[in-house]
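Residue numbers (my numbering): 4 to 300. This report refers to the structure that appears directly beneath it.
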Amino acid sequence: MTATDLGEARLRELRQLAIENRRLILRAIHRAKAGHLGGPLSCTDMLIALYFEVLRIDPTRPRWEERDRFVLSKGHSSIALYAAMALRGYLPIDELFTFDAIDSRLQGHPDMTALPGLDMSTGSLGQGLSPGVGMALGARFLGKDFRTWVMVGDGDAQEGQIWEAAMVASRYDLDNLTAILDLNGLQQVGWPTEAGYTARARRPPLDQPRERWEAFGWQVLECDGHEIGAFIGACEEARRIRGRPGVIIAHTVKGKGISFMEGEHVWHAKPITDEELAIGLAELDAQEATLAEAVPG
Ligand SMILES: Cc1ncc(C[n+]2csc(CCOP(=O)(O)OP(=O)(O)O)c2C)c(N)n1
């Protein structure tokens, strides 16, 4: 599955933006001395694809009624969303460095009353798909053709409310609703084993995600959540689903892009030291250089 009509040059621009998004995440969390890293890095490529290619939006009109709606159900990854929105022009880049401060519009979890462009306040896991169902139903009742997209984490999807919403969505054949499952296999801690807490030693609770969503009446698509072209292709396919809601199961790596954070649950949420920031930024610079070499000019 690849995106149609997306040239190599555009893909390269999007990958470049994803690198920049990761830089901003690291710098903002370093500045705030608190916040989440693993989850934001996991969903960065998808947020860039959504905000720069997929969503029907206009940053100059954040309350435009015909806009696609986006809900980040895994609201603890807010800094990745704020960074993508800043790069897209919803807010000044410098404002990212007020993250988590008292009176900032950019709280640890998204506050729709503070920042225009946020369609839902989230942060308590499990609660993002339900308002997404409401938005999709609302669009149908109002005869509007916008689409609602909800990004769900795998830990987020362990909450029962996600599955109540999933049942309602298929009950009403909501084909204007797309869920995106950021399936990185890790949550806040590792899985307990006899040997102690390790990252991947035990089967994750959300195993067989395809079968689970299908059982709830959803059409399932799967892709690599870090392959921007493949993800955009999946979004295009999701738009073509008729008669039932669709979910894109995006296979991702928690902490993606920073070698010492990848697959390490300890980086779920933790301040980053000056030295760690320097190493992370150097890695991103190297990725940028490789990108520039891979597709010249
Ligand atoms: C109801 C609720 N319980 C606990 C938390 C604390 N918490 C924040 S993130 C998280 C783990 C989320 O895991 P996942 O959805 O897989 O996110 P990701 O791995 O993408 O960061 C937990 C337990 C919360 N925000 N809400």
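From the three backbone atoms N, C-alpha and C, an ideal C-beta is built for every residue, glycine too.
Residue interval of the beta strand (DSSP E) (run including residue i)
i	result
alanine 283	For clarity, residue 283 is glycine in the given sequence; the question names alanine instead. Here glycine 283 belongs to no beta strand (DSSP E); instead the alpha helix (DSSP H) covers 277-297.
threonine 47	First-last for threonine 47: 41-52, but that is the alpha helix (DSSP H), not the beta strand (DSSP E).
phenylalanine 73	72-75
glycine 249	249-254
alanine 182	180-186
tryptophan 152	151-156
Extent of the continuous alpha helix (DSSP H) run through residue i
i	result
glutamine 164	163-174
glutamine 19	11-35
arginine 124	Note that residue 124 is serine in the sequence shown, not arginine. It is not in any alpha helix (DSSP H) - serine 124 carries neither H nor E in the DSSP assignment.
isoleucine 231	231-243
methionine 264	Segment: none, methionine 264 is in no alpha helix (DSSP H) and carries neither H nor E.
valine 192	From DSSP, valine 192 is part of no alpha helix (DSSP H); its letter is neither H nor E.
serine 133	132-145
methionine 88	81-91
proline 212	212-218
Proximity to residue i [Cα-Cα], best of the options
i	options	result
tyrosine 93	Glu217, Cys226, Asp106 and Pro119	Pro119
aspartate 210	Trp221, Ala168, Ala237 and Gly188	Gly188
glycine 246	Thr276, Gln222 and Phe149	Gln222
alanine 2	Ala295, Ile244 and Ile22	This structure cannot speak to residue 2, because the chain is shown only from 4 to 300.
valine 269	Arg91, Arg13 and Gln190	Gln190
valine 155	Thr63, Ala182 and Met138	Ala182
alanine 117	Asp103, Arg243 and Arg59	Asp103
glutamate 217	Ala281, Gly78, Asp157 and Gly249	Gly249
aspartate 185	Ser107, Leu109, Glu230 and Arg108	Glu230
alanine 253	Ile235, Ser262, Arg242 and Met264	Ile235
isoleucine 32	Leu132, Gly131, Ser81 and Ala160	Ser81
arginine 215	Asp157, Ser262 and Pro62	Asp157
leucine 284	Glu296, Gly232, Ser262 and Ala295	Ser262
arginine 26	Arg91, Gly111, Gln164 and Leu287	Leu287
leucine 84	Thr63, Asp106 and Gly126	Gly126
alanine 237	Arg91, Phe219, Leu44 and Val57	Val57
glycine 137	Cys226, Ala172, Arg242 and Met264	Ala172
arginine 91	Arg59, Leu224, Arg150 and Gly111	Arg59
glycine 111	Lys77, Glu279, Glu225 and Lys147	Lys77
arginine 30	Asp159, Leu14 and Ala281	Ala281
lysine 36	Leu99, Trp152, Leu75 and Thr276	Thr276
aspartate 48	Asp159, Arg64 and Arg18	Arg18
Residue i at chain B interface by Cβ criterion, 8 Å
i	result
arginine 91	In the structure shown, chain B does not exist; there is a single protein chain.
DSSP bridge partner residues for residue i (one or two, in chain order)
i	result
leucine 301	Nothing in the structure corresponds to residue 301, since the chain is present only between 4 and 300.
alanine 272	His39
Touching or not, the segment 136-146 and the segment 163-180, by the rule of three or more beta carbon pairs under 8 Å?
yes
Three or more C-beta pairs under 8 Å: does that hold for the segment 65-74 against the segment 161-168?
no
Whether or not the segment 33-47 and the segment 258-265 are in contact is what I'm after, with contact meaning three or more pairs of Cβ atoms, one per stretch, closer than 8 Å; do they touch?
yes
Below 8 Å, can you find three or more Cβ-Cβ pairs linking the segment 44-53 to the segment 120-128?
no
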